[in-house]
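Let me begin by presenting the structure, written as structure tokens, before commenting on it.
Chains as they are written, first to last, in our numbering: chain A, 1 to 1038; chain B, 10001 to 10118; chain C, 20001 to 20233; chain D, 30001 to 30084.
Okay, structure coming up:
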């Protein structure tokens, strides 16, 4: 093994040596620089692997005297890892910066090399004054590297940085001086034994040391200088500061944390959390890419600072949590900064340029998801463990703030991702990519992916995760160049095979929802054959969503469940954003999902208190805060079922999605929320706050959702939006049914779930087929299509009969059971609303069939053809099932009833053939079908007979009075179809909820804007912030 | 004596910071910073002082055997030496930055250099 | 004014922190154990430098010194590329001639100062002074020379080579310490000699020479860079 | 004893006065010289504190070289101003 000291001798020696070369040869100097850093990295790596496999830590004694008499360096596990990261970043960053460094001459290479060297020493040294010296080296190095760009902004940033770090270093020096005076040594280990924190002045000395280190980590709000550097410097340097330098300083904080008492640690935690929330809050209002990355970096560092402060509570998991979050930050932030250097545009909206090179977009997405903490990236694991441990140790406020901060971070990161995927890019210059700039980005993406999978394999809790679906997704990426029909077939076969393998293990609810997710998935995928070309990137994303959905079914532990939940969210997000005008809708979908996921995470965390297992059934034996756990999880799941208040993402997302994606995200995806609720309710049972039954609130929410969703549906002009809102309403029925916690309620809810899957797939495909043909979603631009698209007409007709819940089709059965359940339960007020909602449903059903298919055919639609075969095929397959279930209702209801019997033995239906009997009446689906069919035949015959002599009027056989209305659509009968009702009831659907979220969002933005005004760009203000920060923290501690 | 010099040092530290915080001219800010630095050095040297001690140099007045009782603590002196040189480096760098800033905007007023903010 | 009062409040806060420190400062009546170790007879004799500060600077805390030298090196490099201008921009402009007194004085003083600097460097292990101080004195001599003769062509190349060679040698000496003595920067790679004589204290004089050369050339470089831009107008 | 304390007090007072001059004097050269004076006075103080090494360094670097660099930069800025 090579002594760790040679990390320093090699790099520093090379730096001095390059000076000799001077102008001789820039290429040789650059090569030497990279070789030196690579050699240093190799030394760190060899120590890291050696120590991991049991070797002892390496100690370096300088000057031939043992510590504390001379300066010593330590190479332990942590040091080895961090120096490895630093040298890795140094190497990749060096490659990235090659051109700039060569352009500005040999001096810059020297500075770069010395900077990397100093970070290594900072990590390894055990002497606080030596730490001070090399921190100064690093600061000066950064100040020198900042001006690699010649801009005036860079110079300003460098100057501010110098003044700020100068002041901080001065405070550090005072701390070091008095630490030396009181402890009689400068060696960290000896200072620790000297226990100088037992008296006030001694602890002030340590305080000054620690606060300076914290200030170097750029805590909110004393960090304007740091953010300015991120903005002003070359992004390649930003990457170094954010990844390498910050990692080193964090390690220093960790190293020195042994010196301080627990009360200090709490302050460190508080500062970290404040920084995390504060800088993410300010990031929201930011439109400059580098500055935004600065805020995000500082936020992440804040989180890690807090983790260092929380070390005593994290126990054995501390390493895993800290390292996984650090590594995600490290790779993702470095990669993002480097990408920013490639894009060269600072406005976030200009990142649409990335689309010119799709692989850059993929890299960008990887970094964003790694930062937010999605699987399979390491931060996912880290965040999970962190939240679990925080809940365990009753740090609820910290837990909440971490989730809030993460959410704020999600807002701007996903908005940014959305810009890059969807923003207009018409006027943007072409993107040029040099090999030396792209290789580091690719490697960091691979780094974050690889480390995520590595962490997954070494961690006990993640060991049971199934990666086979993910491998399948990877395969689909590989064959992405193939045409649609190949990939579609592969996908359907893949899902089919997977269903076949897991089918024997499915039972009960898992069977029902497994079939909805997988069989339903196959069915909707069939529609995909109508597409031509390659449909780039579509299939991996679809499979990602289905992998998540099936993961929910298969999950045995809360961790697996959450893992699957996040996969599903990620996949569905990308599916939704593929839609036409879906940038904002995808963002709001993601934000609601993210918020929901965090609530679920918090809920699982609280549920886990006092339990050793992570199995899902710990929900059945929650030790403390059971109602709170229930509420958190329920709201979390309700973001997916789009219950009232949480629904605003849905209409846009579903309406703008592609033809065959709409049924996936509407008919299938929403059921994930229902499945979650069922799981929750099954395990946790009834919950009361005091004497108030939470389920009663759920019933109200379900009822209001139903009314509101249906009314909104009735007032839409856009056919797909109408369907989207009708989903909201229908999911309201399901929630309403579930809230009864009775046999009939659940029977209704579960059967309605199945029914909703069927008719919503049917209708979205049918309407999607029409939209595909007539190129508009506005209903008043359609009309008379019955003759052109008769097959589609039949589908829609059947679909709305099911929706409306009128006999004879299966929707009625569900409603009938629901009404029986109401009578049994006696919650009449919300039930009245549900009845009312049922009436409203007629309105939109009527509108859908009437304005689209009946009336006059539009001139431009004369040549319209029937929908493509591949869209009709799944519709008619579903229709067959609907007819079967309608004619033989017990084929659906009886198995569900049998499944519910052990859970709710009371109040089950009695079956006599196709006759169902409840306590309040009976219903025979088959007979009703015959009767209704009979009536229909009679009425139809009567009408035909009466009208047989009517004269047909040609469609355009009318005269105009030469008036041209300013808004042509206002003359169409289908426009504002329900104007009278809207007048009467419109106030009910006034966009209160949308307004609420809008103003919430505006409020957050306004706060963000207010807060960031403290960074007025003046170096004196920044110096003042630093000093004020010290004084305030001092006052808090002492 | 060491108290007096330490208090002087701290006062210089505060005065220097006051200069950094209040002066509008960049050169003045740097002057403030160098006063701050000098103050720090004085504090450090004061810490080393041993009552009645002599300089930590072995010569005719201090024999090798007596050093342990007679000389003042050499460690802070070594630290101050380092700190002084670092201070020079930082100050020189700040001045060169000031020069560049001046070349950019033809002014030394600190308020004119807040292009980066928010 | 409001702003200044805020600033004043914060500085008063710092004053409170500092006065707590001063309040608990009792001076020293005896050395602490670390300093006692350094001033013990056997350890003085082991390092063999009469100037104990030099012993600490070069030996015990030699690693700090390496960092310190690096800082100057870094600063010189930054200033070097920061003030660098394209050669085409360089237009010599008439510079005011220096006064005769200055020129004459510099002719006498510069060699004397350089000699004194060298003296300070090589006696660094015996008397107060050493590489830094000597280097600074040499650099001051260069400044004086430049002031006296603004047209003097400042030989960057020479200083750069000196700077680099002395830097590399410093690191190599450190490595030699690992190979031939107890560890990195152990100066006992050369015989200790007798306390108080010129040839003593192991490699300290040698290291100090390198430090002196390095510091001198770095500082001269900084000044030289400023001078060059001074003339380029 | 009296000398031991009075001289440091005097030095301290002078330094603080010099600091005020350095911060508040309108003319930059005067301010720079005042700052250099502080260093020079400090190096005298170091002699009293039995720190000849530090005194030497402070005198040569703190009050010598850094003052020179200040003047160099100031001069440079003046010239830039003149060419405007």
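Where a beta carbon is used, it is the ideal one built from N, C-alpha and C, also for glycine.
Which residues DSSP lists as bridging residue i, in chain order
i                        : result
residue 107 of chain A   : Answer is none; residue 107 of chain A lacks a bridge partner.
residue 921 of chain A   : A/918
residue 30045 of chain D : DSSP lists no partner for residue 30045 of chain D.
residue 10109 of chain B : B/10025
residue 20184 of chain C : A/62
residue 718 of chain A   : A/778
residue 10038 of chain B : Answer is none; residue 10038 of chain B lacks a bridge partner.
Residue i burial status per 10 Å Cβ neighbour count (16 or more: buried)
i                        : result
residue 258 of chain A   : exposed
residue 710 of chain A   : buried
residue 17 of chain A    : buried
residue 1 of chain A     : exposed
residue 72 of chain A    : buried
residue 20186 of chain C : buried
residue 10111 of chain B : exposed
residue 300 of chain A   : buried
residue 20005 of chain C : exposed
residue 20145 of chain C : buried
Three-state class that DSSP yields for residue i in the structure shown
i                        : result
residue 60 of chain A    : strand
residue 827 of chain A   : coil
residue 911 of chain A   : strand
residue 959 of chain A   : Low confidence applies to residue 959 of chain A: its pLDDT is 47, below 50, so where it sits in the model is not reliable enough to give any reading.
residue 994 of chain A   : helix
residue 866 of chain A   : coil
residue 667 of chain A   : helix
residue 190 of chain A   : helix
residue 904 of chain A   : coil
residue 10057 of chain B : strand
residue 30053 of chain D : helix
residue 689 of chain A   : strand
residue 20028 of chain C : strand
residue 10072 of chain B : coil
residue 20091 of chain C : With a pLDDT of only 46 at residue 20091 of chain C, under 50, the local geometry of the prediction cannot be trusted, and no value is derived from it.
Next item on the list: Could you please tell me which residues of the segment 10005-10023 of chain B, in chain order, have their CB closer than 9 Å to any CB of chain D?
Entry: Against chain D - using a Cβ distance shorter than 9 Å - the residues of the segment 10005-10023 of chain B are 10005, 10007, 10008, 10009, 10011, 10012, 10015, 10016, 10018, 10019, 10022 and 10023.
Margin query: To be precise: take each residue of the segment 20134-20148 of chain C, compare its Cβ to all Cβ atoms of chain D, and keep it if any distance is under 7 Å. Which residues remain?
Written below: Answer set for the segment 20134-20148 of chain C: 20136, 20137, 20139, 20140 and 20143.
Note to self: To be precise: take each residue of the segment 30051-30073 of chain D, compare its Cβ to all Cβ atoms of chain C, and keep it if any distance is under 9 Å. Which residues remain?
What the structure shows: Shown in chain order are the members of the segment 30051-30073 of chain D whose Cβ falls below 9 Å from a Cβ of chain C: 30051, 30052, 30053, 30054, 30055, 30056, 30057, 30059, 30060, 30061, 30064, 30065, 30068, 30069, 30072 and 30073.
Notebook entry, point to check: Relative to chain A, which residues along the segment 10089-10100 of chain B have a C-beta separation below 8 Å, given in chain order?
Noted result: Within the segment 10089-10100 of chain B, the qualifying residues are 10089, 10090, 10093, 10094, 10097, 10098 and 10100.
Next item on the list: Say whether the segment 149-163 of chain A touches the segment 35-44 of chain A, bearing in mind that this needs 3 or more beta-carbon pairs closer than 8 Å, one atom from each stretch.
Entry: Here the segment 149-163 of chain A makes no contact with the segment 35-44 of chain A; the two share fewer than three CB pairs at distances below 8 Å.
Margin query: For the segment 20031-20044 of chain C, list every residue whose C-beta sits within 8 Å of some C-beta in chain B, in sequence order.
Written below: The segment 20031-20044 of chain C vs chain B, Cβ under 8 Å: 20031, 20032, 20034, 20035, 20036, 20038, 20039, 20040, 20041 and 20044.
Notebook entry, point to check: Three or more beta-carbon pairs under 8 Å between the segment 10067-10078 of chain B and the segment 10011-10027 of chain B, yes or no?
Noted result: The segment 10067-10078 of chain B is not in contact with the segment 10011-10027 of chain B.
Margin query: Please identify, using Cβ separations under 7 Å, the residues of the segment 10058-10088 of chain B that lie next to chain C, in order along the chain.
Written below: Residues of the segment 10058-10088 of chain B with a C-beta less than 7 Å from any C-beta of chain C: 10058, 10059, 10064, 10065, 10067, 10068, 10071, 10073, 10074, 10075, 10077, 10078, 10081, 10082, 10085 and 10086, listed in chain order.
Notebook entry, point to check: Can you list, in chain order, the residues of the segment 224-254 of chain A whose Cβ is nearer than 9 Å to any Cβ on chain B?
Noted result: 224, 227, 228, 229, 231 and 232: these are the residues of the segment 224-254 of chain A whose beta carbon lies less than 9 Å from some beta carbon of chain B, given in chain order.
Check: Along the segment 10041-10059 of chain B, what residues have a CB closer than 8 Å to any CB found in chain D?
Finding: Going along the segment 10041-10059 of chain B in chain order, one finds 10041, 10042, 10045, 10046, 10048, 10049, 10050, 10053, 10054, 10055, 10056 and 10057 with a Cβ nearer than 8 Å to chain D.
Check: If you pair each beta-carbon of the segment 10034-10045 of chain B with each one of the segment 10007-10019 of chain B, do three or more pairs fall below 8 Å?
Finding: Contact check between the segment 10034-10045 of chain B and the segment 10007-10019 of chain B: three or more CB pairs, one atom from each, fall below 8 Å, which counts as touching.
Notebook entry, point to check: Is the number of C-beta pairs between the segment 352-371 of chain A and the segment 414-425 of chain A that are closer than 8 Å three or more?
Noted result: Yes, the segment 352-371 of chain A touches the segment 414-425 of chain A.
Next item on the list: Name, going along the chain, the residues of the segment 180-205 of chain A whose beta-carbon falls closer than 8 Å to a beta-carbon of chain B.
Entry: For the segment 180-205 of chain A, the set of residues with a beta-carbon nearer than 8 Å to any beta-carbon of chain B comprises 180, 181 and 186, in chain order.
Note to self: I want to know whether the segment 583-599 of chain A touches the segment 403-423 of chain A - three or more CB-CB distances under 8 Å.
What the structure shows: Counting Cβ pairs under 8 Å, three or more are found: they touch.
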